[in-house]
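Throughout the sequence shown, residue numbering follows our numbering, covering 480 to 952 in sequence.
Cβ atoms here follow ideal geometry from the backbone N, Cα and C, with glycine treated the same way.
A short worksheet on the structure shown next.
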Amino acid sequence: MHPYPFQALLPPLRLSTTPSRAFIPGAGSSTRTNPLTLYPKDTALKPARYYGYPLLAAAFVAQFVSLGIYSYVLGSFMGPMTEDLAWSRADFTLTRTIGQIIMALVGFVVGARVDAVGARPIMAVGAIILSASLYFHSEVDSLLAWWLLNGVALTCGCAMVGNLVVNVTLSKWFVLHRGKAIAIAAMGVSMGGIVITPLITWLIDTVGWREAWIWLAGITFIIMIPVTAMMRRRPEDYGLRPDGLTEADYLSDRGDKARAEEANAFTRGEALRSFSFYALVIAFGFFSINIVVLLLHTVPYLTDQGFSRTEAAMAMVIASIPAMLSKPVWGTLIDKMPVKPLAAISAALCGVALLLIVAAVEANALFWAYGAFVLLGLGWGGMIPMQEVIWASFFGRAHIGAIRGAGLPFALTLSALAPWLVGYHYDLYGNYVLAFIIVAGLNMLSGILIYLVRPPNLDQKQPAAKAGINASD
480 MHPYPFQALL
490 PPLRLSTTPS
500 RAFIPGAGSS
510 TRTNPLTLYP
520 KDTALKPARY
530 YGYPLLAAAF
540 VAQFVSLGIY
550 SYVLGSFMGP
560 MTEDLAWSRA
570 DFTLTRTIGQ
580 IIMALVGFVV
590 GARVDAVGAR
600 PIMAVGAIIL
610 SASLYFHSEV
620 DSLLAWWLLN
630 GVALTCGCAM
640 VGNLVVNVTL
650 SKWFVLHRGK
660 AIAIAAMGVS
670 MGGIVITPLI
680 TWLIDTVGWR
690 EAWIWLAGIT
700 FIIMIPVTAM
710 MRRRPEDYGL
720 RPDGLTEADY
730 LSDRGDKARA
740 EEANAFTRGE
750 ALRSFSFYAL
760 VIAFGFFSIN
770 IVVLLLHTVP
780 YLTDQGFSRT
790 EAAMAMVIAS
800 IPAMLSKPVW
810 GTLIDKMPVK
820 PLAAISAALC
830 GVALLLIVAA
840 VEANALFWAY
850 GAFVLLGLGW
860 GGMIPMQEVI
870 WASFFGRAHI
880 GAIRGAGLPF
890 ALTLSALAPW
900 LVGYHYDLYG
910 NYVLAFIIVA
920 GLNMLSGILI
930 YLVRPPNLDQ
940 KQPAAKAGIN
950 ASD
């Protein structure tokens with residue numbers, strides 16, 4: 480049995496028995512002949528086993544907690560809290576609009592900091608903020624307090640321990656197997672839907688929504704302590720190469736992809752000057768609307784149609800299971816096939832599944848609705864790994880944190896208004912049908928955009944960078 484169970488899901492990698500040489504400034508190596516010069520703090524010797532695998536396990540748990548709390552619990556709290564506090568659903572869901580804006584602002588800062596200092600100090604602060612904010616949710620008695628605690632404080636905590644931080648880290652540790660690695664870690668998101676949604680629904684119905692927030696705070700703090708301690712910045716800090724490649728492998732054909740990413744890496748400023756950056760921002764913004772809206776509105780939508788809270792919560796579980804199980808499949812396909820057509824298929828599948836969900840729920844056909852949620856989960860399964868792989872393959876891994884962070888204000892602004900608008904539509908018309916149809920259409924449009932967008936042209940890089948690349952050819 481593997482000492483790191485996640486290692487069994489990735490292909491075996493040959494590891495060197497000798498330490499890798501650290502970069503010494505001024506030793507005569509250029510950044511083109513020795514890519515380690517991109518990482519001047521590399522001074523540690525190579526450990527006996529590649530640390531990317533336990534890091535993968537930590538990323539899985541971090542996304543289980545952060546995305547599980549941010550994405551899956553709000554729908555279960557909506558009914559009890561709005562009834563107890565006499566709020567409208569639009570007022571309640573406005574917190575998610577605020578949260579998306581805060582997530583974008585925090586991501587812009589955090590992304591660059593992950594490149595500079597690594598995930599561990601950022602996640603330590605985020606875990607404290609997240610746990611404290613969850614505890615004080617139990618004291619909420621006004622909309623202003625709700626918006627500040629959930630929309631601002633909780634979102635800051637989730638952003639600092641969530642998928643941007645861990646996926647940027649994984650993108651630095653894995654290149655050849657990046658698709659599968661990020662997909663395996665993203666299984667934690669789906670596991671959150673499988674475990675957290677029914678657990679929180681049961682907890683709310685058993686002890687009340689205020690006490691449920693307290694329980695969630697304590698569990699979150701206990702889990703995040705060891706997870707935070709396991710995080711590391713990048714393999715070069717420990718004399719390692721991505722994917723655990725030996726120095727000889729890295730300089731051979733097996734390292735072509737990693738070396739090309741380093742040689743052609745874009746800075747944040749260079750990425751912002753490319754058309755591809757904005758095309759990806761818009762495409763993935765439309766893609767993410769589906770999951771943002773449905774994670775929040777599925778439970779109230781199904782209960783409005785006469786289904787029980789347990790049946791409604793089970794819909795999220797049913798979507799989460801195929802979303803989780805399909806992630807390694809999507810990851811394997813990503814590493815072996817062109818990723819853009821796969822992303823287009825995933826986006827289109829989400830849109831079609833949402834239309835089928837609306838048709839089945841309106842017909843009061845729970846069995847067929849559950850079947851449509853299975854299709855939805857399959858589409859969700861490819862969303863996270865494909866997005867991360869496309870960004871890294873377009874712009875390289877050296878500055879990917881800063882680039883991903885720069886994209887968040889644009890992408891999350893596109894999806895920030897969606898939950899509130901859907902809630903507002905419900906308050907006006909008393910149903911979700913038209914709003915969900917529009918969301919499905921935007922999903923299909925996102926698939927078309929992803930398929931059509933081209934990687935950035937190296938001519939858009941700085942002249943000095945281009946000269947360095949040309950000199951090494």
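Simplified DSSP state of residue i, which is helix, strand or coil
{"i": "Thr746", "result": "coil"}
{"i": "Ile580", "result": "helix"}
{"i": "Phe786", "result": "coil"}
{"i": "Arg599", "result": "helix"}
{"i": "Val589", "result": "helix"}
{"i": "Ser805", "result": "helix"}
{"i": "Asn843", "result": "coil"}
{"i": "Phe502", "result": "Legend: pLDDT at Phe502 = 32, less than 50; position of this residue unreliable, value from coordinates given subsequently. If DSSP states are grouped into helix, strand and coil, Phe502 belongs with coil."}
{"i": "Val647", "result": "helix"}
{"i": "His656", "result": "coil"}
{"i": "Ala895", "result": "helix"}
{"i": "Tyr530", "result": "coil"}
{"i": "Tyr849", "result": "helix"}
{"i": "Val552", "result": "coil"}
{"i": "Trp694", "result": "helix"}
{"i": "His904", "result": "helix"}
Contact check, residue i vs residue j, beta carbons under 8 Å
{"i": "Val585", "j": "Met639", "result": "yes"}
{"i": "Leu534", "j": "Arg711", "result": "yes"}
{"i": "Ala832", "j": "Ala851", "result": "yes"}
{"i": "Ala755", "j": "Pro864", "result": "The identity of residue 755 in the sequence shown is Ser, whereas the question assumes Ala. The answer is no: Cβ separation not under 8 Å."}
{"i": "Gly658", "j": "Gly884", "result": "no"}
{"i": "Phe889", "j": "Ile882", "result": "no"}
{"i": "Leu682", "j": "Ala696", "result": "no"}
{"i": "Val840", "j": "Leu781", "result": "yes"}
{"i": "Thr777", "j": "Ala762", "result": "no"}
{"i": "Ser805", "j": "Met862", "result": "no"}
{"i": "Ala664", "j": "Gln784", "result": "no"}
{"i": "Leu609", "j": "Gly636", "result": "yes"}
{"i": "Tyr549", "j": "Gly641", "result": "yes"}
{"i": "Pro721", "j": "Phe653", "result": "yes"}
{"i": "Cys829", "j": "Leu855", "result": "yes"}
{"i": "Gly531", "j": "Pro714", "result": "yes"}
{"i": "Pro807", "j": "Trp688", "result": "no"}
{"i": "Ala914", "j": "Ile768", "result": "no"}
{"i": "Asp462", "j": "His656", "result": "There is simply no residue 462 to check, as the chain begins at 480 and stops at 952 in what is shown."}
Local Cβ density within 10 Å of residue i, reported as buried at 16 or more and exposed below that
{"i": "Val760", "result": "buried"}
{"i": "Ala632", "result": "buried"}
{"i": "Leu931", "result": "exposed"}
{"i": "Val918", "result": "buried"}
{"i": "Val901", "result": "buried"}
{"i": "Asn936", "result": "exposed"}
{"i": "Ala842", "result": "exposed"}
{"i": "Phe485", "result": "With a pLDDT of 46 at Phe485, under the threshold of 50, the modelled position of that residue is not reliable, and no figure is offered here."}
{"i": "Ile836", "result": "buried"}
{"i": "Leu649", "result": "buried"}
{"i": "Tyr911", "result": "buried"}
{"i": "Tyr908", "result": "exposed"}
Proximity winner among the options, relative to residue i (alpha-carbon distances)
{"i": "Trp809", "options": "Ser799, Ala822 and Phe766", "result": "Ala822"}
{"i": "Leu623", "options": "Thr572, Ser925 and Val772", "result": "Thr572"}
{"i": "Arg599", "options": "Val647, Phe587, Met560 and Arg788", "result": "Val647"}
{"i": "Ile581", "options": "Ala895, Gly671, Ser825 and Phe846", "result": "Ala895"}
{"i": "Ser545", "options": "Asp716, Ala662, Leu643 and Leu812", "result": "Leu643"}
{"i": "Pro677", "options": "Phe556, Phe846 and Thr811", "result": "Phe556"}
{"i": "His904", "options": "Leu812, Asp570 and Gly558", "result": "Asp570"}
{"i": "Thr789", "options": "Ile679, Val837 and Thr811", "result": "Ile679"}
{"i": "Ile797", "options": "Asp906, Met670, Asp716 and Val686", "result": "Met670"}
{"i": "Ala794", "options": "Tyr717, Tyr551 and Ile701", "result": "Tyr551"}
{"i": "Ala537", "options": "Arg752, Val668 and Ile800", "result": "Val668"}
{"i": "Leu775", "options": "Phe539, Val540, Gly547 and Gly554", "result": "Gly554"}
{"i": "Thr699", "options": "Glu562, Met602 and Leu564", "result": "Met602"}
{"i": "Thr576", "options": "Val772, Glu562 and Gly597", "result": "Val772"}
{"i": "Gln866", "options": "Phe846, Ser925, Tyr908 and Leu907", "result": "Ser925"}
{"i": "Ala583", "options": "Gly764, Leu751 and Asp620", "result": "Gly764"}
{"i": "Leu845", "options": "Ser787, Leu719, Asp563 and His656", "result": "Ser787"}
{"i": "Leu564", "options": "Val593, Ser767, Val619 and Ile693", "result": "Val619"}
Anticipated Cβ contact below 8 Å, residue i with residue j, distance rounded
{"i": "Lys819", "j": "Ile879", "result": "Actually they do not touch by this definition, with Cβ atoms about 18 Å apart."}
{"i": "Ala744", "j": "Ala877", "result": "4 Å"}
{"i": "Leu834", "j": "Ile704", "result": "Not confirmed; about 43 Å, so no contact."}
{"i": "Ile770", "j": "Trp899", "result": "Their Cβ separation, rounded to whole angstroms, is 16 Å, which puts Ile770 and Trp899 out of contact at 8 Å."}
{"i": "Trp625", "j": "Thr574", "result": "6 Å"}
{"i": "Met923", "j": "Ala827", "result": "5 Å"}
{"i": "Gly547", "j": "Ile675", "result": "4 Å"}
{"i": "Ile693", "j": "Ser617", "result": "5 Å"}
Any non-hydrogen atom of the ligand NAP within 7 Å of residue i CB
{"i": "Ala538", "result": "Absence of the ligand NAP from the depicted structure is noted, as is the absence of any ligand whatsoever, leaving it without description."}
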